[in-house]
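Asker: Quick one: the structure is below, questions incoming.
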Amino acid sequence: MQAARLHEYTHDMSQALSVDEIDRPTIDSSDGVIVEVEGAGWCQTDNHIIEGMWTEYAPQDLPMTLGHENAGIVSEVGDEVTTVEVGDPVICHPVQTCGTCRSCRLGEDMYCEDSKFNGLTHDGGFAEYLLTSERAVIPLPAGVDPTDIAPHADAGITAYHAAKKAVRELNPGDTAVVIGVGGLGHIGLQCLRAMSAADIVAVDLKESARALASDLGADETVDPQTEDVTDAVTDFSGGVGAQQVLDFVGRDETTALAPDITAAGGDHHIIGYGGHIHEPAQALVNGEFAFRGTLVGRYAELQELVALVDRGAVDLHTERYDLGDVNTVAERLEHGEIDGRAVITPP
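First residue of the sequence shown? That's 3 in the working numbering, and the numbers climb one at a time after it.
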């Protein structure tokens, strides 16, 4: 089968991956599931993996097939698989978990002590077929296209996971700020809109992203190149600030906004990454706000997100590309030229 493989770390996205002919995966456990990939979302994390940014946090053996946002049709199942069968359309949670460690018993899938992460620690879905496990696949409702929904396997669930945490702290009339209305941010904004009665301010450099935010229900949009974000949020919130900030950019410039735009006792959620947090401890004490990290989300939360998609509450904006165009996608994303989400479609 054909697969887009990372052979060496590089910052040159034009030469990031090579499309190789490799063996089709085979089931090696009784709970194994092989999925014929219909769509695999391209994520900014893929660019970071290519750059070697994850080597300190996750073991990687190269060459490796990337792709952690996958959906398709079940092709084969192991002897003990009962929840799906050949021919079922499914979306694949990016993490294959053991189910027996303490974290799994507590329902904290992302903290599994013996996990496999598609496209990060094990071969992913930029290929014709993906080997995963029964615990990682979620059947799709009738009429949901696996290609269209694929990016929800990471972009969607990550945005939903952050929004779900934020919604717990949002009362009607509170202000929530979404920084970055790109591949994840446009999903997170819709989740906030669907699950809370907060007033939403969207911040983005791109006019097209701000227009999309307005279409998706943002009450106010801010261009940080021509407007002072702190003044805009302060004015909009009546001087209170944002009870919850969802930072889908995660650069030094956006994390630095936290002390000035986050309301007392509020949270600044770090979802995008690549930057740093450089704040004096006194700033957190004075405002009693918190920085909170976000790492994908639980299996059950992907089920919940699929339900929102099925109800029409969350719409994913995608562009489709052939497997041979992976490096074009990597370059375009690196230069901020993709609105919404890019989806790779294997041959």
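The C-beta atom is built at its ideal place from N, Cα and C for all residues, glycine as well.
Alpha helix (DSSP H) containing Ile-52: first to last residue?
Answerer: Along the sequence shown, one-based indexing puts residue 52 at 50. From DSSP, the alpha helix (DSSP H) with Ile-52 extends over 46-52.
Asker: Just checking my contact of Ala-164 with Gly-145 at CB under 8 Å: how many whole Å lie between their CB atoms?
Answerer: Here the question's residue 164 lines up with position 162 in the sequence shown. Here the question's residue 145 lines up with position 143 in the sequence shown. Ala-164 to Gly-145, Cβ: 27 Å. No contact.
Asker: What does a CB cutoff of less than 7 Å around Gly-34 pick up in its chain, not counting 5 residues either side in sequence?
Answerer: Here residue 34 is taken as the residue at index 32 of the sequence shown, counted from 1. Closer than 7 Å at the Cβ level, and outside the excluded window around Gly-34, lie Gly-80, Leu-133, Ser-135.
Asker: Cα separation between Ile-272 and Gly-295?
Answerer: The count along the sequence shown starts at 1 and reaches residue 272 at position 270. The count along the sequence shown starts at 1 and reaches residue 295 at position 293. C-alpha separation (whole angstroms): 5 Å.
Asker: Alpha carbon to alpha carbon, how far is Leu-286 from Gly-74? Give it in angstroms, no decimals.
Answerer: Along the sequence shown, read from residue 1 onward, the residue named residue 74 stands at position 72. Along the sequence shown, read from residue 1 onward, the residue named residue 286 stands at position 284. Approximately 45 Å between the Cα atoms of the pair.
Asker: Indicate whether Pro-91 and Asp-156 have their beta-carbon atoms separated by less than 8 Å.
Answerer: As a working note, residue 91 is residue 89 in the sequence shown. As a working note, residue 156 is residue 154 in the sequence shown. Result no, Cβ atoms of Pro-91 and Asp-156 do not sit closer than 8 Å.
Asker: Determine, using beta-carbon pairs with one atom in the segment 111-119 and one in the segment 38-49, whether at least three such pairs fall under 8 Å.
Answerer: The answer is no - the segment 38-49 does not touch the segment 111-119, with fewer than three Cβ pairs under 8 Å.
Asker: Determine the direct distance from the alpha carbon of Tyr-11 to that of Tyr-350, and round the result to whole angstroms.
Answerer: Because the chain in this structure spans residues 3 to 349, residue 350 falls outside the shown range and cannot be described.
Asker: Output needed for Asp-201: all residues of its chain with C-beta closer than 6 Å, excluding positions within five of it in sequence on either side, in chain order.
Answerer: Taking the first residue of the sequence shown as 1, we reach residue 201 at position 199. Taken in chain order, the residues that qualify are Thr-177, Asp-221.
Asker: Taking the runs of the beta strand (DSSP E) that are 3 residues or longer, which of them lie wholly in the segment 238-276?
Answerer: Counting whole runs of 3 or more residues, the segment 238-276 contains the beta strand (DSSP E) stretches 244-249, 264-272.
Asker: Is it the case that the Cβ atoms of Thr-123 and Gln-46 are separated by a distance below 8 Å?
Answerer: Within the sequence shown, residue 123 is the residue found at index 121, counting from 1. Within the sequence shown, residue 46 is the residue found at index 44, counting from 1. No.
Asker: I'd like to confirm the pairing. Which residues does DSSP put opposite Ala-199 in its beta bridges?
Answerer: To locate residue 199, count along the sequence shown from 1; it is residue 197. Answer is none; Ala-199 lacks a bridge partner.
Asker: How close, in whole Å, do the beta carbons of Asn-329 and Leu-64 come, if the pair is a contact with beta carbons under 8 Å?
Answerer: Counted from its first residue, the sequence shown places residue 329 at position 327. Counted from its first residue, the sequence shown places residue 64 at position 62. Contact doesn't hold; Cβ gap of about 17 Å is too wide.
Asker: Could you check what DSSP says for Gln-192 in three-state terms: helix, strand or coil?
Answerer: As a working mapping, residue 192 is identified with position 190 in the sequence shown. If DSSP states are grouped into helix, strand and coil, Gln-192 belongs with the helices.
Asker: Under 8 Å: do the segment 325-344 and the segment 179-194 share three or more Cβ pairs, one atom per stretch?
Answerer: Enough Cβ pairs lie closer than 8 Å, so yes.
Asker: Looking at the unbroken beta strand (DSSP E) that takes in Arg-343, where does it start and where does it end?
Answerer: Start at 1 with the first residue of the sequence shown, and residue 343 comes out as number 341. Its beta strand (DSSP E) spans residues 343-347.
Asker: Could you tell me if Asp-237 is buried or exposed, where buried requires 16 or more neighbouring beta carbons within 10 angstroms of its beta carbon?
Answerer: The residue labelled residue 237 in the question sits at position 235 within the sequence shown. By the neighbour-count rule (16 or more Cβ atoms within 10 Å), Asp-237 is not buried but exposed.
Asker: Just the Cα atoms here: how many angstroms apart are Val-21 and Pro-153?
Answerer: Numbered from 1 along the sequence shown, position 19 holds the residue referred to as residue 21. Numbered from 1 along the sequence shown, position 151 holds the residue referred to as residue 153. Between Val-21 and Pro-153, the C-alpha separation is close to 21 Å.
Asker: When you compare only the Cα positions, how much space is there between Asp-48 and Ala-315?
Answerer: Reading the sequence shown from its first residue, position 46 is the one you call residue 48. Reading the sequence shown from its first residue, position 313 is the one you call residue 315. Distance between the alpha carbons of Asp-48 and Ala-315: 27 Å.
Asker: Are the beta-carbon atoms belonging to His-270 and Asp-254 less than 8 Å from one another?
Answerer: Here residue 270 corresponds to residue number 268 of the sequence shown, with the count starting at 1. Here residue 254 corresponds to residue number 252 of the sequence shown, with the count starting at 1. No, the Cβ-Cβ distance between His-270 and Asp-254 is not below 8 Å.
Asker: Per DSSP, which one or two residues make a beta bridge with His-124?
Answerer: Residue numbering aside, residue 124 sits at position 122 when the sequence shown is read from its first letter. According to DSSP, which records beta bridges pairwise, His-124 is partnered with Asn-120.
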